[in-house]
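The working numbering puts the first residue of the sequence shown at 280, with every later residue one more than the last. All C-beta atoms, glycine included, are put in the ideal place defined by N, C-alpha and C.
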Amino acid sequence: MSDNQSWNSSGSEEDLEPRDEQLGVHSAAIGEFSGVLSKWTNYIHGWQDRWVVLKNNTLSYYKSQDETEYGCRGSLCLSKAVITAHEFDECRLDISVNDSVWYMRAQDPEHRARWIESIELHRVDSGYGSESSLRRHGSMLSLTSATSGYSATSTSSFKKGHSLREKLAEMETFRDILCRQVDTLQKYFDSCADAESKDELQRDKFLDDDDEEEEFPSTRTDGEFDHHNNISSKEKLFQALSPKEVNGIDFKGEAITFKATTAGILATLSHCIDLMVKRDESWQKRVDKEMEKRRRIEESYKSALNELKKKSHFGGPDFEEGPNSLINEDEFFDAVEAALDRQDKIEEQTEKTRIQRASPVPSGNIYSNSGSHRFTDKVEEMVHNHMTFSLQDVGGDANWQLVIEEGEMKVYRREVEENGIVLDPLKATHSVKGVTGHEVCQYFWDTAYRNDWETTIENFNVVEKLSDNAVIIYQTHKRVWPASQRDVLYLSAMRKIMANNENDPDTWLVCNFSVDHDNAQPTSKCVRAKINIAIICQTLVSPPEGDKEISRDNITCKITYVANVNPGGWAPASVLRAVAKREYPKFLKRFTSYVQEKTAGKPILF
Numbered sequence: 280m281s282d283n284q285s286w287n288s289s290g291s292e293e294d295l296e297p298r299d300e301q302l303g304v305h306s307a308a309i310g311e312f313s314g315v316l317s318k319w320t321n322y323i324h325g326w327q328d329r330w331v332v333l334k335n336n337t338l339s340y341y342k343s344q345d346e347t348e349y350g351c352r353g354s355l356c357l358s359k360a361v362i363t364a365h366e367f368d369e370c371r372l373d374i375s376v377n378d379s380v381w382y383m384r385a386q387d388p389e390h391r392a393r394w395i396e397s398i399e400l401h402r403v404d405s406g407y408g409s410e411s412s413l414r415r416h417g418s419m420l421s422l423t424s425a426t427s428g429y430s431a432t433s434t435s436s437f438k439k440g441h442s443l444r445e446k447l448a449e450m451e452t453f454r455d456i457l458c459r460q461v462d463t464l465q466k467y468f469d470s471c472a473d474a475e476s477k478d479e480l481q482r483d484k485f486l487d488d489d490d491e492e493e494e495f496p497s498t499r500t501d502g503e504f505d506h507h508n509n510i511s512s513k514e515k516l517f518q519a520l521s522p523k524e525v526n527g528i529d530f531k532g533e534a535i536t537f538k539a540t541t542a543g544i545l546a547t548l549s550h551c552i553d554l555m556v557k558r559d560e561s562w563q564k565r566v567d568k569e570m571e572k573r574r575r576i577e578e579s580y581k582s583a584l585n586e587l588k589k590k591s592h593f594g595g596p597d598f599e600e601g602p603n604s605l606i607n608e609d610e611f612f613d614a615v616e617a618a619l620d621r622q623d624k625i626e627e628q629t630e631k632t633r634i635q636r637a638s639p640v641p642s643g644n645i646y647s648n649s650g651s652h653r654f655t656d657k658v659e660e661m662v663h664n665h666m667t668f669s670l671q672d673v674g675g676d677a678n679w680q681l682v683i684e685e686g687e688m689k690v691y692r693r694e695v696e697e698n699g700i701v702l703d704p705l706k707a708t709h710s711v712k713g714v715t716g717h718e719v720c721q722y723f724w725d726t727a728y729r730n731d732w733e734t735t736i737e738n739f740n741v742v743e744k745l746s747d748n749a750v751i752i753y754q755t756h757k758r759v760w761p762a763s764q765r766d767v768l769y770l771s772a773m774r775k776i777m778a779n780n781e782n783d784p785d786t787w788l789v790c791n792f793s794v795d796h797d798n799a800q801p802t803s804k805c806v807r808a809k810i811n812i813a814i815i816c817q818t819l820v821s822p823p824e825g826d827k828e829i830s831r832d833n834i835t836c837k838i839t840y841v842a843n844v845n846p847g848g849w850a851p852a853s854v855l856r857a858v859a860k861r862e863y864p865k866f867l868k869r870f871t872s873y874v875q876e877k878t879a880g881k882p883i884l885f
């Protein structure tokens, strides 16, 4: 028998065995739990609704409830799973098993709480994480405070666990001796009490007989009293005072033995306390070592888990754009650069398979005014502002900084931030031979050609057509992970600017600016960006030689492109500036090359 078992013998049997009957009832009460949770799929598709089933300590998910009969798409055994409620997202819970992590979101915090409770109940019912499934042992309370005055005993006296058991056996022996002594003394006291009561009765009887003899004294013939009877009565009295029924007891010896027994009990108790104190100190040292060991292991585990998240799960929702993102600014920039490089490769492949569309020649008369609609005044204001300020020189107090210069193309920007969001206005100038301003603006404005040259758009649609030269467009841009996906709702209007004198160049303008519309409200899946963009195109014509007709060799389009974009969200400012510096020149070159390709060999459209 071990020490623990010997000490537990004083406890109740209910504490020694797990409550199996309670666990059985608990298990029977737990059934299948299922419902809809949003599961993080990847950075392209984000959160997707899935039908999740919790049964038999296993968590499985299906694409929908109707597809449960076809088999699950994935499952996790919850025996060693770690369920974590997210620190900031009140609807999210993360379930991890080794290097596999499921990111789940409930409809609301209450729904998440029910899922976590159900998962934990299944884990307990399966025998993991349940304290009742472990055999409970008696605990050794610390007696240090009560026995600090006792002399220390060598810890070798109880290392093997024998001394304490021997002392307990001595205690049992002392208890038996003490019980026998108490029984002997009790018998003695009872006998004394019985003898005393009998003595009282006989004394009363003797006194009664003596009174009668005094009244009627017996005499002999010689006239003397009969003293023999009197002496016999006194002897009976003395005999009655000596309790014959009580055996002879060495009361002094019994008292000495009783004193020695109690002294032995106290000495043994003292020794037991010393042993328990030393054992408590020994176990306390072991507990301290185990606690320190556990602390180091937990720190190592947390460190390894963080590294694992950064390496194995670099793409989960914790690393995407947001105020609590785990990714730092440099890693964010690297991830954006890598995503843009992948998009460039895709663009190169799609460039070869581009579908050539017929180019109808639109009438120029419909673009001479803004038309009549509810945004007419706003369009006129935007056109006036762009013609007034966008064509101004980049010098002076404008603080434009040249960031890119490639041939005829120059790109400038100004550093502007509003509430921590980068709004750096951008301005680019470019000269393209062989095309007119009308042709450039036509291909920039017409949505029929948008997908041919714009590679950053995922999809778009015309929300409302205001007039022949003004439409409201909603478009979503391809996501560049870890940045959130953006969408834009804007009014796009194309105008021909009337010349003030005959020397002014033929000028066309397209302005795009953000508006609101009931049919395109902001959603939680995209960050709504705000834009104010304009492209102003002026056609410069050089006279042909002799009587030759004007050809495309004689025309040049001077392009001025200005963009003020509020991207919203939490993307780092350095990343936004780097992306603008990289993408805008590519966009201008790609678009102007497309226009030259589409107009080559076709009649000039002034």
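Query - Proximal residues to F723 (C-beta, below 6 Å), its chain only, five neighbours per side dropped - result: V789, I814
Query - Other residues of its chain near Y840: CB distance less than 6 Å, five sequence neighbours each side excluded - result: A707, I814
Query - CB-CB length for G325 against K804, believed under 8 Å - result: 7 Å
Query - Buried versus exposed call for Y580 [16 or more other C-beta atoms within 10 Å across all chains shown] - result: exposed
Query raised in the report: What is the C-beta distance between K860 and V682, in whole angstroms, given that I count them as a contact (C-beta under 8 Å)?
Result: 6 Å
Query - C-alpha distance - A385 paired with S313, whole-angstrom precision - result: 12 Å
Query raised in the report: Contact check, I838 vs V662 under 8 Å by CB: the rounded distance?
Result: Between V662 and I838 the Cβ distance is about 17 Å, and since that is not below 8 Å, they are no contact.
Requested in this report: For the stretch 781-822, list the beta strand (DSSP E) runs that are entirely contained and at least 3 residues long, ordered along the chain.
Outcome: 785-793, 809-820
Report task. Decide if the stretch 794-802 is in contact with the stretch 817-832; the criterion is three or more beta carbon pairs, one per stretch, under 8 Å apart. Result -> When Cβ pairs closer than 8 Å are counted between the two stretches, the stretch 794-802 is seen not to touch the stretch 817-832, the count staying below three.
**Report entry** Test item: CB-CB of G650 and A749 under 7 Å
**Finding:** yes
Query raised in the report: Is the beta carbon of V741 sitting closer than 7 Å to the one on I752?
Result: yes
Query raised in the report: Where does D832 sit, in a helix, a strand or coil, going by DSSP?
Result: D832 falls in the helix class under three-state DSSP.
Requested in this report: Would you give the residue range spanned by the beta strand (DSSP E) that F312 belongs to?
Outcome: 312-319
Report task. Work out the CA separation of N833 and K827 for me, nearest whole Å. Result -> 11 Å
Query raised in the report: Sorted by chain position, which residues of the same chain lie with C-beta nearer than 8 Å to E311's C-beta, five sequence neighbours on each side aside?
Result: V332, L333, K334
Query raised in the report: Can the beta-carbon of S889 be found closer than 7 Å to that of C351?
Result: Outside the displayed span of the chain (280 to 885) sits residue 889, for which this structure offers no information.
Query raised in the report: Between P388 and chain B, is there a C-beta pair that is closer than 7 Å?
Result: Here chain B cannot be found, since the structure has a single protein chain.
Query - Contact set for S317: own chain, Cβ-Cβ below 6 Å, skip 5 residues either direction - result: W326, D328, R384
Report task. Could you spell out the range, first to last residue, of the beta strand (DSSP E) harbouring V741? Result -> Per DSSP, V741 belongs to the beta strand (DSSP E) from 736-746.
**Report entry** N730, DSSP secondary structure in three states
**Finding:** helix
Query raised in the report: Measuring CA to CA, which of K446, K757, H401 is closest to R621?
Result: When each option's Cα is compared against that of R621, the closest is K757.
Query - Under 7 Å between C-beta atoms of Y769 and I829 - result: no
Query - Secondary structure of S651, DSSP reduced to three states - result: coil
Query raised in the report: Considering only C-alpha positions, which residue in the set E684, K446, K657 is nearest to D553?
Result: Shortest Cα-Cα distance from D553 to any of E684, K446, K657 involves K446.
Report task. Take E737 as the anchor and find which of R765, L584, N336 has the nearest alpha-carbon. Result -> R765
Requested in this report: Output yes or no for whether 7 Å exceeds the beta carbon distance between V615 and V767.
Outcome: no
Query raised in the report: Span of the alpha helix (DSSP H) holding G716?
Result: 716-724
Query raised in the report: Taking K775 as the reference, which of G353, G825, T715, R831 has the closest Cα?
Result: Residue T715 holds the alpha-carbon nearest to the alpha-carbon of K775 among G353, G825, T715, R831.
Query raised in the report: How many angstroms separate the CA atom of Q671 from the CA atom of F367?
Result: 48 Å
Query raised in the report: In chain order, what residues of the same chain have a beta carbon less than 6 Å from the beta carbon of W787, not counting five sequence neighbours either side?
Result: G716, H717, C720, K775, C816
Query - Pairwise C-alpha distance: L702 and V690 - result: 16 Å
Requested in this report: Go to I776, then tell me how far its beta strand (DSSP E) extends in each direction, as first and last residue.
Outcome: 765-776
**Report entry** Close beta carbons around N730, own chain, < 6 Å, minus the five adjacent residues each side
**Finding:** Result list for N730: empty, nothing under 6 Å.
Query raised in the report: How about A364 and V376: do their beta carbons lie closer than 7 Å?
Result: no
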